[in-house]
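Inspection log for the structure reproduced underneath, given as structure tokens.
Number of protein chains: 2
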Amino acid sequence: MSMLPGERLDLIASRLQADGKVVAVDLARELDVSEDTIRRDLRDLSARGLCQRVYGGALRPAVSTGTLDERSRQQSEAKSALARAAIDWIAEGSSVFLDAASTNLAIADALPRDFGLTCITNAPQIASALTLRGDCDVVSIGGLVDRTVGAAIGAEAMNAARNFRPDICFLGACGVDPRAGISAVHAEDASFKRAIAGASAMTIVPVTTAKLMTAAPFHVLELADCAAVLVEADAPEAAVEACRAAGAKIRRCGQ
Amino acid sequence: MSMLPGERLDLIASRLQADGKVVAVDLARELDVSEDTIRRDLRDLSARGLCQRVYGGALRPAVSTGTLDERSRQQSEAKSALARAAIDWIAEGSSVFLDAASTNLAIADALPRDFGLTCITNAPQIASALTLRGDCDVVSIGGLVDRTVGAAIGAEAMNAARNFRPDICFLGACGVDPRAGISAVHAEDASFKRAIAGASAMTIVPVTTAKLMTAAPFHVLELADCAAVLVEADAPEAAVEACRAAGAKIRRCGQ
DNA sequence: CTAAATCGTGCAGAAACGCGCATAAACGTG
DNA sequence: CACGTTTATGCGCGTTTCTGCACGATTTAG
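The listed protein sequences derive, respectively, from chains A and B.
Numbering (the working numbering) for the first sequence: 6 to 260.
Numbering (the working numbering) for the second sequence: 6 to 260.
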């Protein structure tokens with residue numbers, strides 16, 4: 006009776022799934038191979054996240070179906086720096102809203118691992134990225150997806166958003182200005198941002214330096230309504246001071 | 006007793022289906038060909054997704070493992086061929102539903118340009134791909150996104166889906182069998198598929214050869230309820246006839 | 001603390017593998 | 001039929017994978 010190596014791996018994996026544990030020496034006797042081979046198999050399964058190695062055998066991993074995500078997306082350095090700073094606000098087990106913004110896509114990738122987060126978003130691309138992570142619950146808000154914004158906005162999306170009370174909300178801004186406050190280029194998008202920010206316990210606005218001191222046509226929030234505006238490390242001090250004077254709580258990246 | 010190459014492939018495939026595994030050296034002896042030939046056959050079957058290659062032989066492929074984008078990388082050629090055939094059913098200006106399936110991801114890419122389509126989907130990745138096209142209206146159905154299925158399913162998604170009456174609905178199937186009909190591996194996913202198929206004027210099920218004549222645990226539809234089942238060009242005639250006898254309207258790819 | 005069990009690593013032989021090449025049959029075409 | 005082309009097959013050869021064994025390190029149990 007010849008048993009194929011791959012077949013043996015499958016058998017061990019299914020045995021593990023069924024019984025919750027396997028013992029190396031038993032498997033060796035039962036499958037008629039040396040313990041070394043079994044240990045190698047277990048090491049292999051462990052490397053693929055299919056079992057947890059213990060002395061004398063292996064156990065079923067705490068969270069099964071670990072998906073290996075080899076894809077590392079290239080992203081702008083500034084935005085991932087903002088993202089790394091932004092996640093400091095996120096508490097374990099909290100619910101996080103990410104609206105449609107490139108910085109928020111970076112945040113989706115930078116979220117702390119295995120925090121038990123519930124992530125809500127109206128942007129399919131962000132929902133997709135979050136789902137690929139595999140370590141957080143993802144709730145996507147549906148509706149008509151506007152192609153310039155890249156997210157579901159409009160009445161139906163606003164309606165669906167009413168069901169949520171996120172602990173923290175990251176809003177992308179098209180413009181941040183001492184007088185105009187937070188603004189956006191799309192009317193419906195601005196309304197949606199305003200709605201979800203109002204429903205959230207805390208609103209954080211990460212903004213790249215290029216958008217500081219600029220205003221977009223549609224008003225979203227006053228600067229004072231944000232829990233924080235996160236700016237890049239190289240943001241001009243004059244701009245930061247002007248916003249502070251207008252009531253903004255500015256946090257500089259990497260400090 | 007000369008055996009035709011294709012005949013041998015069919016025999017290996019059926020042996021694989023019956024026993025769950027084949028050993029290269031045994032097949033070589035039994036069929037009186039060299040191991041090289043067997044290896045080439047197994048490589049061929051593997052490329053078509055009909056077996057999983059392992060050291061020393063091959064195993065029956067595991068059913069539906071991995072996330073949506075992992076699945077879409079497998080047999081991408083076959084899937085885009087199915088997609089090219091599938092879009093024949095799509096009329097200009099119609100509304101199209103695409104559920105979570107790797108073949109539907111291929112369809113999203115293959116949709117005719119500038120047809121003024123309204124595309125509805127519960128899979129964020131498909132919504133994302135559609136939005137990036139920029140030539141069709143996209144409606145994403147929201148809800149809790151199941152990570153193994155890669156789409157929003159459950160009560161909330163079903164509720165949102167009730168608002169739509171798509172002209173045409175493309176359903177991914179985990180199994181297509183003359184007796185079991187169309188089936189899926191995930192209970193909620195099966196319910197969602199059934200609901201959206203019922204709401205659609207026409208339901209098309211594209212299916213890769215590996216899934217023909219296999220059944221998954223949860224029933225979705227009877228074969229007769231589909232406007233068409235689209236199979237690959239190389240689908241075995243016996244399987245096609247068996248499904249036809251069960252009331253399926255089969256359309257072969259590229260014909 | 002000690003002894004036994006278990007583990008990791010390096011090594012060597014055997015088996016399986018992929019690849020290129022050559023031969024032969026099957027095919028299509030004029 | 002003659003010819004070039006495609007396809008299928010077997011064989012040689014270098015490479016990779018699998019496996020058991022030896023040996024020293026590590027962990028566990030009494």
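Glycine is no exception: its CB is placed at the ideal position from the N, C-alpha and C atoms.
Since this is a predicted model, take the numbers as computed values, not measurements.
| Query | Result |
| --- | --- |
| Please list, in chain order, the residues of the stretch 139–161 of chain B that have any C-beta partner in chain A closer than 8 Å. | Gly139, Asp142, Val143, Val144, Ser145, Ile146, Gly147, Gly148, Leu149, Val150, Arg152, Thr153, Gly155, Ala157 |
| Could you say if the stretch 94–109 of chain B and the stretch 54–70 of chain B meet the contact criterion of at least three C-beta pairs nearer than 8 Å? | no |
| So, using beta-carbon positions, are Ala83(B) and Arg53(B) closer together than 8 Å? | yes |
| Can you tell which of Ala232(B), Ala215(B), Val236(B), Ala250(B) has the C-alpha that lies nearest to the C-alpha of Ala67(B)? | Ala215(B) |
| Return yes when the Cβ of Ser100(B) is within less than 8 Å of the Cβ of Ile125(B), no when it is not. | yes |
| By the 9 Å beta-carbon criterion, what residues does the stretch 62–90 of chain B contribute toward chain A? | Gly62, Ala63, Leu64, Ala67, Thr70, Gly71, Thr72, Leu73, Asp74, Glu75 |
| For Gln5(A), name the three-state secondary structure that DSSP assigns. | An answer regarding residue 5(A) cannot be provided, because it is not within the stretch 6 to 260 covered by chain A. |
| How far does the alpha helix (DSSP H) with Gly54(B) in it reach, from first residue to last? | Premise fails: Gly54(B) is in no alpha helix (DSSP H) and is neither H nor E. |
| Which whole-angstrom value is the C-beta distance of Ala233(B) and Lys254(B), which I expect to be below 8 Å? | 5 Å |
| List, in chain order, every chain B residue whose beta-carbon is nearer than 7 Å to that of Gln130(A). | Ser133 |
| Using a Cβ-Cβ cutoff of less than 6 Å, which residues in the same chain neighbour Gly148(A) once the five nearest sequence positions on both sides are dropped? | Ala157, Gly159, Glu161, Ala162 |
| Identify whether Val68(A) lies in helix, strand or coil by the three-state DSSP scheme. | For Val68(A), the pLDDT reaches just 43, beneath the cut-off of 50, and the residue's location in the model is therefore unreliable, although a value from the coordinates is still provided. Three-state DSSP puts Val68(A) in coil, outside helix and strand. |
| Taking DSSP's pairing of strands, which residues face Ile125(B) in a bridge? | Phe102(B), Val144(B) |
| Can you give me the C-alpha to C-alpha distance between Val236(A) and Asp172(B), rounded to a whole angstrom? | 48 Å |
| Which of the three DSSP states, helix, strand or coil, is assigned to Pro241(B)? | coil |
| Between Asp114(A) and chain B, is the shortest Cβ-Cβ distance under 8 Å, so that the two count as touching? | no |
| Looking at the strands, I want to know which residues DSSP matches up with Cys248(A). | DSSP, once it has assigned bridges, lists no residue as partnering Cys248(A). |
| With a threshold of 16 other CB atoms inside 10 Å of the CB of Pro211(A), please say whether the residue is buried or exposed. | buried |
| In chain order, what residues of the same chain have a beta carbon less than 6 Å from the beta carbon of Ala195(A), not counting five sequence neighbours either side? | Ala189, Phe223, Val225 |
| Where does Glu75(A) sit, in a helix, a strand or coil, going by DSSP? | Bear in mind that a pLDDT of 27 at Glu75(A), under 50, signals an unreliable position, so the number given afterwards is only what the model happens to contain. Of the three classes helix, strand and coil, the one that applies to Glu75(A) here is coil, per DSSP. |
| Within 10 Å of its beta-carbon, does Ala206(B) have 16 or more other beta-carbons around it, so buried, or fewer, so exposed? | exposed |
| Please return the same chain residues whose Cβ sits closer than 6 Å to the Cβ of Glu193(A), not counting the five positions on each side in sequence. | Ile158, Gly159 |
| Among the residues of its own chain, which have a CB less than 8 Å from the CB of Leu228(B), if the five just before and after it don't count? | Val181, Pro183, Gly186, Ile187, Val234, Cys248, Ala251, Gly252, Ala253 |
| Based on the DSSP output, what are the partners of Cys174(B) in its beta bridges? | Phe102(B), Thr208(B) |
| Looking at the strands, I want to know which residues DSSP matches up with Phe223(B). | Ala189(B) |
| For Phe169(A), which residues of its own chain have a beta-carbon under 6 Å away from its beta-carbon, when the five flanking residues on both sides are left out? | Ile125 |
| Can the beta-carbon of Arg65(A) be found less than 8 Å from the beta-carbon of Lys26(A)? | yes |
| Within 8 Å of any Cβ in chain A, is that where the Cβ of Ala243(B) sits? | no |
| Can you say whether Gln22(B) is buried or exposed, counting buried as having 16 or more other CB atoms within 10 angstroms of its CB? | exposed |
| Grab me the residues of Asp151(A)'s own chain with a C-beta within less than 6 Å of its C-beta, minus the 5 sequence neighbours each way, in chain order. | Ile158 |
| Grab me the residues of Arg13(A)'s own chain with a C-beta within less than 7 Å of its C-beta, minus the 5 sequence neighbours each way, in chain order. | Leu36, Asp46 |
| Drop a sphere of 10 angstroms on the beta-carbon of Met8(B), count the other beta-carbons inside from all chains shown, and report buried for 16 or more, exposed for fewer. | exposed |
| Can you tell me where the alpha helix (DSSP H) holding Val30(A) begins and where it ends? | 29–36 |
| Cβ closer than 7 Å: which chain B residues qualify as neighbours of Gly11(A)? | Val59, Tyr60, Leu64 |
| Excluding the 5 residues flanking Pro117(A) on each side, which residues of the same chain have their C-beta closer than 7 Å to its C-beta? | Ile92, Ile95 |
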